[in-house]
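Worksheet: one structure, shown below.
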Amino acid sequence: MLDLRHQLIEGRADLPRVGSVIELDTIPWYAVVDADGTVVAHVVPYLRGLILDDNRPATAKSYAHDLLRCRTR
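The working numbering applies: residue 22 is where the sequence shown begins, and numbers increase by one.
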């Protein structure tokens with residue numbers, strides 16, 4: 022998880038350029054999906070780690086939106 026976090030921070034992880042954030046019924050409560058609506062699998066453990074450390078759904082939602090914003094610029 023730590024390596025993925027550093028990859029995301031440094032822009033080395035592959036994220037979709039077009040997508041959205043959806044609400045889930047399970048932790049991490051939010052996920053990033055690509056343009057086809059497919060969950061970006063390697064982001065889920067990253068968001069889950071945030072929830073387990075912080076335990077606020079808004080944290081995962083905020084970070085998920087931030088990940089999309091970083092890639093669409």
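Every residue gets a Cβ at the ideal spot worked out from N, C-alpha and C, and that includes glycine.
Since residue i sits in a beta bridge, which residues does DSSP pair it with?
i   : result
G40 : D55
V60 : V54
Out of the options, which has the shortest C-alpha to C-alpha gap to residue i?
i   : options            : result
I48 : L73, H27, V60, V42 : L73
G40 : W50, V61, V65      : V61
D87 : Y51, D24, L45      : Y51
L45 : A79, G32, A34      : A79
D24 : D75, T59, R77, P66 : P66
A56 : V42, R33, A85      : V42
In terms of residues, what are the limits of the alpha helix (DSSP H) holding residue i?
i   : result
L45 : Neither: L45 is in no alpha helix (DSSP H) and is coded neither H nor E.
R69 : 65-75
Use the C-beta contact count for residue i: other C-beta atoms within 10 angstroms, 16 or more gives buried, fewer gives exposed.
i   : result
R94 : Note that R94 scores a pLDDT of 45, beneath 50, so its modelled location is shaky; the value from the coordinates is reported in the next line. Label assigned to R94: exposed.
M22 : At M22 the pLDDT is 48, less than 50, meaning the model places this residue with poor confidence and gives no usable figure here.
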